[in-house]
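Trainee: Chain order of the listed sequences is A and B. 527 is the number of the first residue of the first sequence in the numbering used here; add one for each residue after it. 5 is the number of the first residue of the second sequence in the numbering used here; add one for each residue after it. All C-beta atoms, glycine included, are put in the ideal place defined by N, C-alpha and C. Please read all numbers here as calculations on a predicted model, not as lab measurements. Sharing a structure here in structure tokens format.
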Amino acid sequence: MTTTAVGPRGSGAAVARETGARLAKAEPLNAVLDWSQELLDAEGARVDRMAAPGPLAAVPVVLKDNIVTVEQPTTCASRILEGYLSPYNATVVDRLRAAGAIIAAKSNLDEFAMGSSTEHSAFGRVMHPLDPSRVPGGSSGGSAALVAAGVVPAALGSETGGSVRQPASFCGVVGVKPSYGRVSRYGLVAFGSSLDCVSTFGRTVDDAARVLSAISGPDPLDATTVDRPALRVPTLLPDLSGLTFGLPREYFPTDLDAGVASALRRTADRVRELGGKVREVSLPNSAYAVPTYYIIAPAEAAANLARYDGVRYGRRQVGREGDIRALYRTTRGEGFGDEVRRRILVGTYVLSAGYYDAYYRKAQRVRALIAEDFRRVFDGGIDLLLTPTTPTPAFKAGEKTEDPVAMYLADVFVCPMSLAALPALSLPVGRSEGLPVGAQLVAPYFEEERMLAAARVLEQNLDAGGEVR
Amino acid sequence: MSIGLDEVLHVAKLAELAVREDELRRLVEQMNRIVDYVATLDEVPADRMAEPFLAGPQSVTLREDVEATVPLARLPAAIAPEFVGGFFLVPRHGAMEDQ
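Now the structure itself:
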């Protein structure tokens with residue numbers, strides 16, 4: 527039985543002190559890029575002065591450091607933005623504060639959210655909270671590790687191609703990616719603008735859902751938000767009767783890790799025991815999701831990151847030649863890390879004359895096929911899809927850093943939903959040799975409430991801490 | 005598809021990105037590895053292609069085209085020390101050569 531952590535708490539001042547003590551203790555994880563007791567105390571006092579405590583009254587929430595804040599620097603874990611102070615808060619920050627949350631810290635990430643292990647941070651890698659020799663996943667690894675370590679009950683991350691669900695699975699917490707357009711991107715540092723989503727972590731489904739509810743809804747400052755009311759937190763259903771779950775065969779390959787396969791079998795069995803129906807389905811074009819993603823996302827990144835030129839933001843490095851172009855090149859060459867530079871180069875290459883049609887245009891068309899697969903399955907009577915979140919549990923640090931493609935394949939089960947703009951979540955469903963395993967639920971566009979309600983039932987009826995092998 | 009050294013240097017120039025000589029060989033290898041991998045999309049038959057995907061709402065709601073207060077938490081003068089008459093002062097282009 528899991529109980530919610532986001533609910534009535536002590537005074538803001540007391541929560542701020544407790545959170546500060548936990549953040550100090552969690553320092554060895556290297557999951558935090560900026561926090562101070564002074565700012566925490568100010569946040570606690572602000573909440574205590576609120577006339578009407580909101581739904582997140584005195585709940586400490588960590589923000590991934592690609593979400594801009596006025597009071598704390600926003601670095602995106604990059605030297606190029608070291609010390610950068612935003613002149614405005616992201617919409618999600620204003621909404622969290624209006625709901626009574628305490629902004630606790632800014633968390634470490636893969637530089638500019640590009641990575642699947644949080645090893646590509648300019649400020650050092652984040653440790654897995656259960657085994658420091660392993661990675662917490664990424665790119666939102668700092669937020670995931672802090673929730674898993676019990677430092678905060680909930681955190682914000684961001685998804686472009688699975689960067690919340692994958693670390694949630696590795697760390698054994700809940701990670702929810704909303705539909706594209708459900709949450710404002712205003713103040714989320716842009717990486718892949720057609721894919722980026724602010725997403726939430728929680729110790730429980732209810733925690734992640736409550737935070738998502740507080741930040742969701744249309745925003746006049748982001749024209750891509752959809753004009754629908756904020757998400758409602760679903761109530762607990764008695765069982766799963768009336769729901770049909772699809773198991774896409776392409777997500778259960780023969781070489782799937784044995785522990786992950788076993789955990790997913792057990793989850794599907796529990797769905798049946800709880801009154802749900804389970805049917806095998808097919809999403810054939812998901813096989814092309816990773817190559818599609820690694821054309822579209824770098825292309826959008828190359829355009830979005832052009833603004834970091836040493837003139838408009840952050841660090842400036844004057845080139846030897848002394849002209850303005852040398853300033854741009856030297857600033858960018860020295861300010862960005864290896865993975866970001868690789869993606870900018872790939873993105874520039876696929877957008878360049880002669881290659882645009884062969885790569886970028888083609889990827890956009892395959893993206894439509896991937897989305898069409900999901901639409902066909904949901905139109906065919908499937909309410910939710912059930913898949914593994916990741917092909918393996920958390921891998922060792924350094925295991926994939928030399929082979930970028932091997933690293934990209936860690937996201938093979940999570941990036942199709944990002945391409946299709948669909949809501950999805952990762953739920954801890956067991957442990958394999960001590961390491962958490964996540965199951966993924968996927969819903970039709972803007973059907974988050976159905977997905978969260980089903981996840982709550984499973985959460986109440988699965989032993990997420992139990993060994994599956 | 006094989007990307008050579010000259011092509012990587014050309015792309016780096018387009019991207020305004022300085023590349024160190026000692027990292028070039030590795031970068032060429034990794035670019036080739038990535039581009040070869042994403043070229044697996046060639047397996048998708050052309051007749052199965054759909055119209056490009058549009059994420060999000062089908063019609064984007066644009067706000068009224070009226071001047072509004074900029075939602076800055078601090079005034080521009082507090083962000084940039086050299087802010088005069090509504091303009092940010094930056095070093096003159098020629099001044100770079102003295103640095």
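Please state if the CB of Val677/A and the CB of Arg543/A are separated by a distance shorter than 7 Å.
Mentor: As a first step, residue 543/A must be located in the first sequence, where it is residue number 17. As a first step, residue 677/A must be located in the first sequence, where it is residue number 151. Not a contact, by the Cβ cut-off of 7 Å.
Trainee: Return the residue from the list Pro954/A, Val955/A, Arg868/A, Cys602/A that minimises the CA-CA distance to Arg29/B.
Mentor: For the purposes of this step, residue 29/B is identified with residue 25 of the second sequence, where counting begins at 1. Comparing Cα positions, the closest option is Arg868/A.
Trainee: Less than 6 Å between C-beta atoms, sequence neighbours within five positions excluded: which residues of the same chain meet that for Tyr854/A?
Mentor: Reading the first sequence from its first residue, position 328 is the one you call residue 854/A. Result list for Tyr854/A: Asp835, in chain order.
Trainee: Which residue wins for smallest C-alpha separation from Ala734/A, given the options Gly701/A, Ser643/A, Val724/A?
Mentor: In the first sequence, residue 734/A corresponds to position 208, counting from 1. That would be Gly701/A, whose Cα lies nearest to the Cα of Ala734/A.
Trainee: With 16 as the cutoff for other CB atoms within 10 Å, does Gly688/A come out buried or exposed?
Mentor: Numbered from its first residue, the first sequence carries residue 688/A at position 162. Burial call: buried.
Trainee: At which residue ranges does the stretch 897 to 978 of chain A contain complete alpha helix (DSSP H) runs of 4 or more residues, listed in the order of the chain?
Mentor: Within the stretch 897 to 978 of chain A, the complete alpha helix (DSSP H) runs of at least 4 residues are 930 to 934, 941 to 945.
Trainee: Let me make sure I understand the geometry here. Which of Gly992/A, Gly768/A, Phe638/A has the alpha-carbon closest to that of Asp722/A?
Mentor: To locate residue 722/A, count along the first sequence from 1; it is residue 196. Nearest C-alpha to Asp722/A: Phe638/A.
Trainee: By a C-beta neighbour count over all protein chains shown, 10 Å radius and 16 as the cutoff for buried, is Phe91/B buried or exposed?
Mentor: Locating residue 91/B in the second sequence gives position 87, where the first residue counts as 1. Answer is exposed; the Cβ neighbour count stays below 16.
Trainee: Could you work out which residue in Pro760/A, Pro949/A, Gly960/A, Glu959/A is closest to Pro970/A when comparing CA atoms only?
Mentor: Translated into positions along the first sequence, residue 970/A becomes position 444. Here the closest residue by C-alpha is Pro949/A.
Trainee: Can a CB atom of chain B be found closer than 7 Å to the CB of Lys888/A?
Mentor: In the first sequence, counting from the first residue as 1, residue 888/A sits at position 362. It does; some Cβ of chain B falls within 7 Å.
Trainee: State the Cα-Cα distance for the pair Leu877/A and Ser665/A, rounded to the nearest angstrom.
Mentor: Locating residue 877/A in the first sequence gives position 351, where the first residue counts as 1. Locating residue 665/A in the first sequence gives position 139, where the first residue counts as 1. So the two alpha carbons sit approximately 24 Å from each other.
Trainee: Rounded to whole angstroms, what is the Cα-Cα separation between Tyr882/A and Arg708/A?
Mentor: As a position in the first sequence, residue 882/A is number 356, starting the count at 1. As a position in the first sequence, residue 708/A is number 182, starting the count at 1. Approximately 30 Å, taken between the alpha carbons.
Trainee: Could you check what DSSP says for Thr818/A in three-state terms: helix, strand or coil?
Mentor: Position 292 of the first sequence, counted from the first residue, corresponds to residue 818/A. Residue state, collapsed to three classes: helix.
Trainee: Between the stretch 645 to 657 of chain A and the stretch 897 to 911 of chain A, do at least 3 Cβ pairs fall closer than 8 Å?
Mentor: Counting Cβ pairs under 8 Å, fewer than three are found: no touch.
Trainee: What first and last residue would you give for the beta strand (DSSP E) that runs through Gly701/A?
Mentor: As a position in the first sequence, residue 701/A is number 175, starting the count at 1. Element bounds for Gly701/A: 700 to 703.
Trainee: Output, in sequence order along the chain, the residues in the stretch 830 to 848 of chain A whose CB is closer than 8 Å to any CB in chain B.
Mentor: Within the stretch 830 to 848 of chain A, the residues whose Cβ lies closer than 8 Å to some Cβ of chain B are Ala832, Asp835, Val837, Val844, Gly845, Gly848, listed in chain order.
Trainee: Just to check my reading of the structure: Leu831/A and Val807/A have Cβ atoms closer than 8 Å, yes? What is that Cβ distance to the nearest angstrom?
Mentor: Locating residue 831/A in the first sequence gives position 305, counting from the first residue. Locating residue 807/A in the first sequence gives position 281, counting from the first residue. Going by Cβ atoms, the distance from Leu831/A to Val807/A rounds to 38 Å, so no, they are not a contact pair.
Trainee: Which two residues bound the contiguous alpha helix (DSSP H) that contains Phe717/A?
Mentor: As a working mapping, residue 717/A is identified with position 191 in the first sequence. No alpha helix (DSSP H) holds Phe717/A; DSSP gives it neither H nor E.
Trainee: When every heavy atom of the ligand NAP is checked, does at least one fall within less than 6 Å of the C-beta of Arg833/A?
Mentor: The ligand content of the structure shown is nil, which means the ligand NAP is not present either.
Trainee: According to a CB-to-CB cut-off of less than 7 Å, which residues of the stretch 18 to 36 of chain B neighbour chain A?
Mentor: From the stretch 18 to 36 of chain B, only Leu18, Ala19, Glu20, Leu21, Ala22, Val23, Gln34, Met35 have a Cβ closer than 7 Å to chain A.
Trainee: How should Leu988/A be labelled, buried or exposed, when 16 other C-beta atoms within 10 angstroms of its C-beta is the threshold for buried?
Mentor: Here the question's residue 988/A lines up with position 462 in the first sequence. Looking at its Cβ environment, which holds 16 or more other Cβ atoms inside 10 Å, Leu988/A is buried.
Trainee: Starting from Arg52/B, find everything on chain A with Cβ-Cβ shorter than 8 Å and list it in chain order.
Mentor: Counting from 1 along the second sequence, the entry for residue 52/B is found at position 48. By Cβ distance, chain A contributes Leu895.
Trainee: Using three-state DSSP, classify Cys723/A as helix, strand or coil.
Mentor: Position 197 of the first sequence, counting from 1, holds the residue named residue 723/A. In the structure shown, Cys723/A sits in a strand (DSSP, three-state: E or B).
Trainee: Relative to the alpha-carbon of Asn556/A, which residue among Arg572/A, Gly859/A, Ala828/A, Asn634/A has its alpha-carbon at the smallest distance?
Mentor: Counted from its first residue, the first sequence places residue 556/A at position 30. The option with the nearest alpha carbon to Asn556/A is Asn634/A.
Trainee: For Ala568/A, which of Gly626/A, Arg605/A, Val558/A, Ala603/A has the nearest alpha-carbon?
Mentor: The residue labelled residue 568/A in the question sits at position 42 within the first sequence. Among Gly626/A, Arg605/A, Val558/A, Ala603/A, the Cα nearest to that of Ala568/A is on Gly626/A.
Trainee: Measuring alpha carbon to alpha carbon, tell me which of Ala571/A, Gly570/A, Glu553/A, Val994/A ends up nearest Asp783/A.
Mentor: Position 257 of the first sequence holds residue 783/A. The shortest Cα separation from Asp783/A among Ala571/A, Gly570/A, Glu553/A, Val994/A belongs to Val994/A.
Trainee: For the beta strand (DSSP E) that contains Ser633/A, what are its first and last residues?
Mentor: For the purposes of this step, residue 633/A is identified with residue 107 of the first sequence, where counting begins at 1. Element bounds for Ser633/A: 628 to 633.
Trainee: Suppose you measure from the CA of Leu93/B to the CA of Arg838/A; what does that come to, to the nearest Å?
Mentor: Counting from 1 along the second sequence, the entry for residue 93/B is found at position 89. Counting from 1 along the first sequence, the entry for residue 838/A is found at position 312. If you take the alpha carbons of Leu93/B and Arg838/A, they lie about 12 Å apart.
Trainee: Is the shortest distance between the beta-carbon of Pro95/B and the beta-carbons of chain A less than 7 Å?
Mentor: Residue mapping note: residue 95/B aligns to position 91 of the second sequence, counting from 1. No, its Cβ sits nowhere closer than 7 Å to a Cβ of chain A.
Trainee: Kindly indicate which three-state DSSP category Gly863/A falls into: helix, strand or coil?
Mentor: As a first step, residue 863/A is located in the first sequence; it is residue number 337 there, counting from the start. Of the three classes helix, strand and coil, the one that applies to Gly863/A here is coil, per DSSP.
Trainee: Quick test of your reading: Asp636/A and Val816/A, contact by CB under 8 Å. State the CB separation rounded to the nearest angstrom.
Mentor: The residue you call residue 636/A lines up with position 110 of the first sequence. The residue you call residue 816/A lines up with position 290 of the first sequence. Their Cβ separation, rounded to whole angstroms, is 17 Å, which puts Asp636/A and Val816/A out of contact at 8 Å.
Trainee: Following the continuous beta strand (DSSP E) through Val837/A, name the residue where it begins and the one where it ends.
Mentor: Counted from its first residue, the first sequence places residue 837/A at position 311. That residue, Val837/A, is in no beta strand (DSSP E); it is neither H nor E in DSSP.
Trainee: Mind checking if Thr874/A is an interface residue toward chain B, Cβ cutoff 7 Å exclusive?
Mentor: Position 348 of the first sequence, counted from the start, is the residue given in the question as residue 874/A. Chain B contact via Cβ: present.
Trainee: Confirm, please, whether the CB-CB distance from Ala631/A to Val558/A is below 7 Å.
Mentor: Counting from 1 along the first sequence, the entry for residue 558/A is found at position 32. Counting from 1 along the first sequence, the entry for residue 631/A is found at position 105. The answer is yes: Cβ separation under 7 Å.
Trainee: Would you say Gly880/A reaches chain B, if we count a Cβ-Cβ gap shorter than 7 Å as a contact?
Mentor: Within the first sequence, residue 880/A is the residue found at index 354, counting from 1. So, not an interface residue.
Trainee: Measure from the C-beta of Pro810/A to each C-beta in chain B and report whether the shortest distance is under 7 Å.
Mentor: Position 284 of the first sequence, counting from 1, holds the residue named residue 810/A. Judged by the 7 Å Cβ criterion, Pro810/A is not in contact with chain B.
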